[in-house]
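Q:
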Amino acid sequence: MKDRIVLAIETSCDETAVALLAYKDQKYTVLAQELYSQIDLHKEYGGVFPMLAKREHGKNLLLLLEKTLTANTVTSSPFSIHEDIKETVLTLLEREIELKEFFKTSLENPQSFLYKKPDIEAITVTVGPGLEPALWVGISFAKALCLLWNINLIPINHMEGHVASILIENESLDTELFPSLTLLISGGHTELVEIQTWGTYKIIGGTKDDAVGEAYDKVARILGLEYPGGPAISARAEQIRSTYTIADAETLCATHAIKLPRPMLHSQDTLFSFSGLKTAALYLVRDLKKVSVTDSLSEEQINLICFEFEQSVVDVLIKKLTTALEKTQNVQTLIVGGGVIANTYIKTRLQTWCDEQSIIFLKPKNVFATDNAVMIGVAGLIQLNHGYATVIQPTLENFQQVVARGGWKIDEIY
Ligand code: KG4
Ligand code: ZN
2 MKDRIVLAIE
12 TSCDETAVAL
22 LAYKDQKYTV
32 LAQELYSQID
42 LHKEYGGVFP
52 MLAKREHGKN
62 LLLLLEKTLT
72 ANTVTSSPFS
82 IHEDIKETVL
92 TLLEREIELK
102 EFFKTSLENP
112 QSFLYKKPDI
122 EAITVTVGPG
132 LEPALWVGIS
142 FAKALCLLWN
152 INLIPINHME
162 GHVASILIEN
172 ESLDTELFPS
182 LTLLISGGHT
192 ELVEIQTWGT
202 YKIIGGTKDD
212 AVGEAYDKVA
222 RILGLEYPGG
232 PAISARAEQI
242 RSTYTIADAE
252 TLCATHAIKL
262 PRPMLHSQDT
272 LFSFSGLKTA
282 ALYLVRDLKK
292 VSVTDSLSEE
302 QINLICFEFE
312 QSVVDVLIKK
322 LTTALEKTQN
332 VQTLIVGGGV
342 IANTYIKTRL
352 QTWCDEQSII
362 FLKPKNVFAT
372 DNAVMIGVAG
382 LIQLNHGYAT
392 VIQPTLENFQ
402 QVVARGGWKI
412 DEIY
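Quick note on this note's numbering: the sequence shown kicks off at 2 and runs consecutively.
1) How long is the line joining the alpha carbons of residue 185 and residue 81, rounded to whole angstroms?
2) Does DSSP put residue 79 in a helix, a strand or coil?
3) Could you check whether residue 411 and residue 204 sit closer than 9 angstroms to each other, using their CB atoms as the reference points?
4) Use the C-beta contact count for residue 52: other C-beta atoms within 10 angstroms, 16 or more gives buried, fewer gives exposed.
5) Just reading off the alpha helix (DSSP H) that residue 322 is part of, what are its end residues?
6) Taking the alpha carbon of residue 16 as the reference point, which residue from 33, 6 and 43 has its own alpha carbon closest?
7) May I have the straight-line CA-CA distance separating residue 28 from residue 197, to the nearest angstrom?
8) Please tell me whether residue 384 and residue 155 are closer than 9 angstroms, where the distance is taken between their beta carbons.
9) I'd like to confirm something about residue 147: is its beta-carbon nearer than 8 angstroms to some heavy atom of ligand 2, or not?
10) Assign residue 1 to buried or exposed, taking buried as 16 or more other Cβ atoms, counted over all protein chains shown, within 10 Å of its Cβ.
11) Near residue 165, which residues of its chain fall below 7 angstroms by C-beta distance, leaving aside the five closest residues on each side in sequence?
12) Residue 107 and residue 333 - do their beta-carbons sit closer together than 9 angstroms?
13) Quick one: what's residue 239 bridged to in DSSP?
14) Does the separation of the CB atoms of residue 235 and residue 311 fall below 9 angstroms?
15) Residue ranges of each beta strand (DSSP E) run of no fewer than 3 residues wholly in the stretch 112-198, ordered along the chain?
16) Pull every residue with its beta-carbon under 6 angstroms away from any heavy atom of ligand 2, and keep them in chain order.
17) Can you check which of these residues, 41, 40, 37 and 19, is closest to residue 31 by C-alpha distance?
18) Work out the CA separation of residue 6 and residue 152 for me, nearest whole Å.
19) Does DSSP put residue 360 in a helix, a strand or coil?
20) Which stretch, first to last residue, makes up the beta strand (DSSP E) that contains residue 11?
21) In the DSSP assignment, the alpha helix (DSSP H) including residue 291 goes from what residue to what residue?
22) Helix, strand or coil for residue 50, going by three-state DSSP, please let me know.
23) Enumerate in chain order the residues of its own chain whose CB-to-CB distance from residue 159 is below 7 angstroms, with the five nearest sequence positions on each side excluded.
24) Taking Cβ to Cβ, would you say residue 211 is nearer than 9 angstroms to residue 275?
25) Look at the alpha carbon of residue 104 and the alpha carbon of residue 63, and state the distance between them as a whole number of angstroms.
26) Mind the definition here: the stretch 263-271 touches the stretch 323-339 only if three or more C-beta pairs lie below 8 angstroms; say whether that holds.
27) Any heavy atom of ligand 1 within a distance shorter than 8 angstroms of the CB on residue 304?
28) With distances taken Cα to Cα, identify the nearest neighbour of residue 206 among 216, 200 and 192.
29) Residues in its own chain within less than 8 angstroms of residue 94 by CB, not counting five upstream and five downstream?
30) Based on DSSP bridge pairs, tell me the residues matched to residue 337.
31) So the beta strand (DSSP E) residue 382 belongs to, where does it begin and stop?
32) List the DSSP bridge partners of residue 35.
33) On the DSSP bridge list, what partners appear for residue 246?
34) Whole angstroms is fine: what's the gap from residue 1's alpha carbon to residue 245's?
35) Using the three-state DSSP reduction, which class does residue 205 fall into: helix, strand or coil?
36) Could you check the C-alpha separation between residue 389 and residue 303 for me, to the nearest Å?
Quick look at the structure:
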């Protein structure tokens with residue numbers, strides 16, 4: 002079979018990302034990728050500010066695309082673009098001010114890379130879930146390129162991208178993946194999904210309120226740590242774990258009156274609730290400050306709270322996985338995707354759990370755990386290979402149905 006090549010675009014949150022992916026020799030290969038993280042810009046807001054994210058995506062997409070395509074990993078041929086098409090594209094970009102400006106300038110330049118059509122099968126783009134203003138930029142961008150180059154569009158669910166991320170540059174996949182119990186843990190999601198085969202997803206559990214990553218981010222803010230909270234909290238928790246045994250660290254927490262709840266641990270269901278954990282952390286910090294002469298926490302106290310918070314998160318995740326496993330037939334693998342699985346401690350605990358349950362643990366490499374375009378391309382290639390892709394031919398009329406779907410669930414068909 003001829004190599005399949007797709008161009009992928011991701012703008013659902015605060016990462017602007019473009020990638021070129023190939024499926025060849027039965028492997029998903031990254032040909033080129035560019036990612037611009039807006040984290041530093043959003044730090045001062047302590048979280049993602051949607052309109053800022055939108056503007057930044059608009060400012061960066063075309064530049065990232067140019068870098069991706071000029072990496073010379075895909076062939077391209079000179080291509081003339083009819084004036085009518087240019088007009089259509091600029092009208093389509095009416096609401097994307099930054100993008101429109103960039104396209105206009107590029108199209109006026111005959112040397113622009115836009116006049117070389119890359120030899121790709123389709124453009125895959127995240128249409129949800131995520132922040133709608135941010136999603137729209139990527140969607141409009143993808144539509145514009147598809148119209149200019151006469152290429153098909155494939156809308157992708159961001160969470161399916163996180164599932165697909167386990168296939169990227171992973172050597173250990175000569176295994177039967179399904180049925181799989183899948184845990185998706187990111188800044189916006191905490192979901193348990195039963196997967197029978199690619200494209201067949203059933204949500205069997207999830208959070209009633211905050212997502213795990215969101216809890217990390219909010220607790221970090223309460224502790225005065227920087228955004229995103231995941232890496233900040235886990236680094237501090239690790240300082241405790243590398244200094245003390247778990248038992249000693251727990252004793253130390255007790256002597257400092259540091260204890261956090263394990264929300265819904267005994268509820269016998271597959272529901273999570275992390276907002277109570279965040280509130281408990283808030284009260285704990287308030288109480289500790291009250292008795293502090295400096296009205297602030299010591300570094301050791303902060304580290305211990307981070308440790309205790311991470312213990313609580315992992316205890317709950319494992320308990321809910323155990324409940325879900327009991328309710329699911331014939332599970333072969335635990336697949337975990339989403340930014341939070343960049344966490345080394347969570348990975349270690351989940352590996353131990355999988356060993357105990359005799360199932361295989363599959364997770365992405367760290368760089369593909371947090372948001373990226375590579376996973377969106379791989380999801381598209383999987384869909385093409387397994388025959389369930391929604392392939393949309395490039396006409397303005399067809400594209401009207403492609404809209405941002407901020408709350409799109411993985412088990413809802415497109
Ligand atoms: O998947 P992702 O990049 O974006 C969303 O789709 O939400 O996930 C981002 C989330 C943030 O909440 C961040 O704090 C968390 O992943 N995260 C981590 C770690 N690295 C990122 N959480 C725990 N430990 C980490 N090492
Ligand atoms: Zn994500």
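Ideal placement from N, C-alpha and C gives every residue a C-beta, glycine not left out.
A: The structure says:
1) Here the question's residue 185 lines up with position 184 in the sequence shown. Here the question's residue 81 lines up with position 80 in the sequence shown. When rounded, the distance between both Cα atoms is 43 angstroms.
2) Your numbering for residue 79 matches position 78 in the sequence shown. Of the three classes helix, strand and coil, the one that applies to residue 79 here is strand, per DSSP.
3) Taking the sequence shown and counting its residues from 1, one reaches residue 204 at position 203. Taking the sequence shown and counting its residues from 1, one reaches residue 411 at position 410. In this structure, residue 411 lies closer than 9 angstroms to residue 204 by Cβ.
4) Locating residue 52 in the sequence shown gives position 51, where the first residue counts as 1. Exposed is the call here.
5) In the sequence shown, the residue the question calls residue 322 occupies position 321. Run containing residue 322: 300-328, per the alpha helix (DSSP H) assignment.
6) Position 15 of the sequence shown holds residue 16. The option with the nearest alpha carbon to residue 16 is 43.
7) Reading the sequence shown from its first residue, position 27 is the one you call residue 28. Reading the sequence shown from its first residue, position 196 is the one you call residue 197. About 21 angstroms.
8) By 1-based counting over the sequence shown, the position of residue 384 is 383. By 1-based counting over the sequence shown, the position of residue 155 is 154. Yes, the Cβ-Cβ distance between residue 384 and residue 155 is below 9 angstroms.
9) Reading the sequence shown from its first residue, position 146 is the one you call residue 147. Every heavy atom of ligand 2 is 8 angstroms or more from the Cβ of residue 147, so no.
10) The chain is shown from 2 up to 415; residue 1 falls before or after that span and cannot be answered.
11) Here the question's residue 165 lines up with position 164 in the sequence shown. Excluding sequence neighbours, residue 165 sits near 376, 379, 380 and 383.
12) For the purposes of this step, residue 333 is identified with residue 332 of the sequence shown, where counting begins at 1. For the purposes of this step, residue 107 is identified with residue 106 of the sequence shown, where counting begins at 1. It is not a contact, given that the beta carbons lie outside the stated cut-off.
13) Here residue 239 is taken as the residue at index 238 of the sequence shown, counted from 1. Note: residue 239 sits in no beta bridge, so no partner.
14) Walking along the sequence shown from the start, residue 235 turns up at place 234. Walking along the sequence shown from the start, residue 311 turns up at place 310. Taking 9 angstroms as the Cβ cut-off, residue 235 and residue 311 qualify as a contacting pair.
15) 117-119, 123-129, 153-158, 181-186 and 191-198
16) 159, 163, 187, 339, 340 and 372
17) Position 30 of the sequence shown, counted from the first residue, corresponds to residue 31. Checked all of 41, 40, 37 and 19; the closest Cα to residue 31 is 19.
18) Position 151 of the sequence shown holds residue 152. Position 5 of the sequence shown holds residue 6. The straight-line gap from Cα to Cα measures roughly 12 angstroms.
19) Stepping through the sequence shown from its first residue, residue 360 is reached at position 359. Coil, per DSSP.
20) Looking up residue 11 in the sequence shown gives position 10. Residues 5-11.
21) Within the sequence shown, residue 291 is the residue found at index 290, counting from 1. Its alpha helix (DSSP H) spans residues 276-291.
22) If you number the sequence shown from 1, residue 50 lands on position 49. Coil.
23) By one-based count along the sequence shown, residue 159 stands at place 158. 13, 127, 129, 130 and 131, listed in sequence order.
24) Position 210 of the sequence shown, counting from 1, holds the residue named residue 211. Position 274 of the sequence shown, counting from 1, holds the residue named residue 275. Yes. Within cutoff.
25) What you label residue 104 is simply residue 103 of the sequence shown in a count that begins at 1. What you label residue 63 is simply residue 62 of the sequence shown in a count that begins at 1. So the two alpha carbons sit approximately 8 angstroms from each other.
26) yes
27) Locating residue 304 in the sequence shown gives position 303, counting from the first residue. False, no ligand heavy atom lies under 8 angstroms from that Cβ.
28) The sequence position of residue 206 within the sequence shown is 205, counting from 1. Nearest option by C-alpha distance: 192.
29) In the sequence shown, residue 94 corresponds to position 93, counting from 1. The answer, listed in chain order, is 100, 101, 104, 141 and 145.
30) Along the sequence shown, read from residue 1 onward, the residue named residue 337 stands at position 336. Its beta-bridge partners are 184.
31) For the purposes of this step, residue 382 is taken as the residue at position 381 of the sequence shown. Run containing residue 382: none in the beta strand (DSSP E); it sits in the alpha helix (DSSP H), 375-386.
32) Here residue 35 corresponds to residue number 34 of the sequence shown, with the count starting at 1. Looking at the DSSP assignment, residue 35 forms a beta bridge with 19.
33) Here residue 246 is taken as the residue at index 245 of the sequence shown, counted from 1. Residue 246 pairs with nothing; no bridge assigned.
34) A query on residue 1 cannot be resolved here, the shown segment of the chain reaching from 2 to 415 and no further.
35) In the sequence shown, the residue the question calls residue 205 occupies position 204. Three-state result, residue 205: strand.
36) In the sequence shown, counting from the first residue as 1, residue 389 sits at position 388. In the sequence shown, counting from the first residue as 1, residue 303 sits at position 302. Taking the straight line joining both Cα atoms gives about 48 angstroms.
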